Amino acid sequence: MSGDSKIGLQAVGGIVRAAAPRKIAGDAAAPAHAPTVVRTSPEPLPAPHLIGLAGEIADRGPPVDVSRVAALRTAIANGSYSPDPARIADAMVAFYRPGAA
Numbered sequence: 155m156s157g158d159s160k161i162g163l164q165a166v167g168g169i170v171r172a173a174a175p176r177k178i179a180g181d182a183a184a185p186a187h188a189p190t191v192v193r194t195s196p197e198p199l200p201a202p203h204l205i206g207l208a209g210e211i212a213d214r215g216p217p218v219d220v221s222r223v224a225a226l227r228t229a230i231a232n233g234s235y236s237p238d239p240a241r242i243a244d245a246m247v248a249f250y251r252p253g254a255a
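Using my numbering, the letters of the sequence shown map in sequence onto residues 155 to 255.
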């Protein structure tokens with residue numbers, strides 16, 4: 155069966171292509187299908203760009219207001235923190251459905 159090696163998936167240059175289906179006697183009405191392309195290897199990541207981006211993000215510092223966190227911890231510890239449930243609910247709705255609140 156020398157021609158059977160071209161049936162099924164074939165790897166060509168890192169891309170897998172489905173070979174054209176073979177015609178079977180008595181199956182003349184079978185529709186022809188377009189070849190399917192499946193990527194086997196992703197494009198190489200631009201490592202220098204990603205390293206630079208990671209450095210920029212690290213230089214920005216944490217996205218946390220450290221003084222606000224300290225004030226909240228102090229208020230919780232001494233019992234003076236009183237959250238507003240309606241305000242929290244409004245903020246949650248606004249976060250998940252912008253424009254709803």
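Backbone N, C-alpha and C define an ideal beta-carbon position, used for all residues, glycine too. Predicted, not measured: the structure shown is a model, and the values here were computed from it.
Where residue i falls: helix, strand or coil (DSSP)
| i | result |
| --- | --- |
| A225 | helix |
| P200 | coil |
| V247 | helix |
| D219 | coil |
| G233 | coil |
| A255 | Note on A255: pLDDT 49, under 50, position unreliable in the model; the coordinate value appears next. In the structure shown, A255 sits in coil (DSSP, three-state: anything other than H, G, I, E or B). |
| D213 | helix |
Residue from the options whose Cα sits closest to the Cα of residue i
| i | options | result |
| --- | --- | --- |
| Y256 | A201, R222 and D244 | The question about residue 256 has no answer here: the residues shown for the chain are numbered 155 through 255. |
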